[in-house]
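Chemist:
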Amino acid sequence: MGKKLIITALVVMLAAITVTVIPFGCGYDGYITSADAETGEYYLLGRESGGKDLSLILPNGIEGHTYDIAEKAFESDMGIGKLTIGRGVRKIGAEAFRSCIYMKKLTFKDGVTEIGDSAFASCFLIEEVKLPSSLEVIGDNVFMQCGNIERAVLPEGLKSIGSGMFYACFRLADVTLPDDLTEIPDDMFYGCTDLEELTIPRSVTKIGNNAFGEEIEDHPLTIKYEGTEAEWDDVAIGNGNERIDEGTVEFAG
Numbered sequence: 003m004g005k006k007l008i009i010t011a012l013v014v015m016l017a018a019i020t021v022t023v024i025p026f027g028c029g030y031d032g033y034i035t036s037a038d039a040e041t042g043e044y045y046l047l048g049r050e051s052g053g054k055d056l057s058l059i060l061p062n063g064i065e066g067h068t069y070d071i072a073e074k075a076f077e078s079d080m081g082i083g084k085l086t087i088g089r090g091v092r093k094i095g096a097e098a099f100r101s102c103i104y105m106k107k108l109t110f111k112d113g114v115t116e117i118g119d120s121a122f123a124s125c126f127l128i129e130e131v132k133l134p135s136s137l138e139v140i141g142d143n144v145f146m147q148c149g150n151i152e153r154a155v156l157p158e159g160l161k162s163i164g165s166g167m168f169y170a171c172f173r174l175a176d177v178t179l180p181d182d183l184t185e186i187p188d189d190m191f192y193g194c195t196d197l198e199e200l201t202i203p204r205s206v207t208k209i210g211n212n213a214f215g216e217e218i219e220d221h222p223l224t225i226k227y228e229g230t231e232a233e234w235d236d237v238a239i240g241n242g243n244e245r246i247d248e249g250t251v252e253f254a255g
């Protein structure tokens with residue numbers, strides 16, 4: 003085969019290949035973003051160099067589109083004191099805000115459907131967590147070692163909660179669980195020493211291993227179960243839940 007014929011064949015082959023272009027590192031309103039031309043998905047990768055807003059409000063959209071926050075996008079960002087997650091955010095990636103140690107206030111607007119593993123772990127100063135009604139999936143260890151959280155509200159309609167959600171949140175004292183919750187996962191409240199009273203809906207059928215952990219001296223646990231004693235007896239309780247075994251269970255029915 004002659005050289006001209008070979009070159010012509012290569013040109014034809016290359017022309018037939020569909021190339022997916024992913025714009026990377028595009029600036030948008032002070033943020034670093036990317037977009038996948040094939041899937042149409044938008045991502046927020048972090049802030050442009052030097053961004054140190056004490057009150058950070060994430061945009062309600064990027065170029066008019068909903069978007070995901072990439073994994074580790076703002077990890078260890080020391081400039082965030084208050085954070086508002088805008089309505090345009092669809093998913094928060096794993097460790098997206100891990101170790102933002104000066105973040106004290108966290109606010110969600112409806113829109114987020116999924117929070118990835120350890121997304122807010124070791125954000126020591128957060129005081130309150132009120133998750134949005136749009137949320138469906140919570141990964142593992144999302145608020146692990148957020149030792150200053152005192153109050154948490156979980157919305158109705160959650161389809162999945164990972165393990166260790168509030169692991170070692172020792173100041174957590176006031177928790178509202180959704181009425182349709184079916185399982186309290188492994189390690190969910192392990193090390194939550196200030197959690198001395200919790201209302202558990204009758205929809206719960208399983209409590210995971212170490213969900214409440216070992217008995218804590220001078221911090222007895224009282225569970226207010228919204229079902230009957232017979233229904234409580236049918237709840238599968240995993241190993242390592244001495245706080246339940248040594249505590250008090252009160253029944254509504």
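Read in order, the letters of the sequence shown correspond to residues 3 to 255 in the numbering used here. A virtual CB, placed ideally from N, CA and C, is assigned to each residue, including glycine. This structure is a prediction, so every number in the text was calculated from the model and none was measured.
1) Expressed to the nearest angstrom, what Euclidean distance is found between the alpha-carbon atoms of residue 133 and residue 78?
2) What are the boundary residues of the beta strand (DSSP E) that includes residue 154?
3) Determine the direct distance from the alpha carbon of residue 46 to that of residue 35, and round the result to whole angstroms.
4) Does DSSP put residue 92 in a helix, a strand or coil?
5) Is the separation between the beta-carbon of residue 119 and that of residue 154 shorter than 8 angstroms?
6) For residue 245, report the span of its alpha helix (DSSP H) as first-last.
7) With a 10 Å radius around its C-beta and 16 neighbouring C-beta atoms as the bar for buried, classify residue 59 as buried or exposed.
8) From what residue to what residue does the beta strand (DSSP E) around residue 176 run?
9) Taking 7 angstroms as the cut-off, does the CB of residue 77 come closer than this to any heavy atom belonging to the ligand FMN?
10) Residues bridged to residue 233 by DSSP?
11) Pick helix, strand or coil for residue 58, following the three-state DSSP scheme.
12) Which word fits residue 146, buried or exposed, when buried means at least 16 other C-beta atoms lie within 10 angstroms of its C-beta?
13) With distances taken from CA atoms, which of 206, 126, 129 and 75 is nearest residue 237?
14) Cα-Cα, which of 255, 211 and 157 is closest to residue 229?
15) Suppose the cutoff is 8 angstroms on Cβ atoms and the five residues either side in sequence are ignored; what does the same chain contact list for residue 260 look like?
16) To which residues of the same chain is residue 102 closer than 6 angstroms at the C-beta, ignoring the five residues directly before and after it?
17) Residue 159 and residue 138 - do their beta-carbons sit closer together than 8 angstroms?
18) When DSSP labels each residue in this structure, what does residue 223 get in the three-state scheme?
19) Does the separation of the CB atoms of residue 196 and residue 173 fall below 8 angstroms?
20) Taking only three categories from DSSP, how would you classify residue 162?
21) Less than 8 angstroms between C-beta atoms, sequence neighbours within five positions excluded: which residues of the same chain meet that for residue 210?
22) Assign residue 116 to buried or exposed, taking buried as 16 or more other Cβ atoms, counted over all protein chains shown, within 10 Å of its Cβ.
23) Which partner residues of residue 111 appear in the DSSP bridge assignment?
Modeler: According to the structure data:
1) 22 angstroms
2) 153 to 155
3) 5 angstroms
4) strand
5) no
6) 244 to 247
7) exposed
8) 176 to 178
9) The ligand content of the structure shown is nil, which means the ligand FMN is not present either.
10) None, per the DSSP bridge assignment.
11) strand
12) buried
13) 206
14) 255
15) In the structure as shown, the chain begins at 3 and stops at 255. Residue 260 is therefore absent and cannot be evaluated.
16) 79, 82 and 125
17) yes
18) coil
19) yes
20) strand
21) 165, 185, 186, 187, 188, 189, 190 and 240
22) buried
23) None; residue 111 has no bridge partner.
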